[in-house]
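Residues 1 to 68 (my numbering) are what the sequence shown spells out, left to right. Below: one structure, written as structure tokens.
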Amino acid sequence: MANEWILEVFADLTTFAEQNDLPALERQLVLAKQVAEIDVSANHGMSPHSTRQGIGHVGILHRATAEG
1 MANEWILEVF ADLTTFAEQN DLPALERQLV LAKQVAEIDV SANHGMSPHS TRQGIGHVGI
61 LHRATAEG
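What follows is the structure, encoded as structure tokens:
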């Protein structure tokens with residue numbers, strides 16, 4: 001999967017947020033990593049321009065976060 005690198009970036013950023021007492025950022029990064037995991041596995045590493053599956057997943061999680 002060519003796009004798995006983004007998961008490591010989110011993990012590093014989440015660690016940074018945790019170590020620097022940035023809890024709101026940490027929560028958002030955890031959600032962003034979950035979205036990336038869904039999209040990477042659904043797209044099997046394809047370019048985001050080759051499919052539109054990712055947009056719906058982001059909207060679902062974003063609405064849940066805003067409401068909760």
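The beta carbon of each residue, even a glycine, is placed where N, CA and C say it ideally should be.
> Given Glu26, which residues of its chain have a CB within under 7 angstroms of its CB, disregarding the five upstream and five downstream residues?
Replying inline: Thr14, Ala17 and Glu18
> Alpha carbon to alpha carbon, what distance is there between Phe10 and Val35?
Replying inline: 11 angstroms
>> Using the three-state DSSP reduction, which class does Ala24 fall into: helix, strand or coil?
In response: In the three-state DSSP reduction, Ala24 falls in the helix class (H, G or I).
> Between the beta-carbon of Leu7 and the beta-carbon of Val30, is there less than 9 angstroms?
Replying inline: no
>> For Asp12 and Asn20, I'd like the C-alpha separation in whole angstroms.
In response: Roughly 12 angstroms separates the two Cα atoms.
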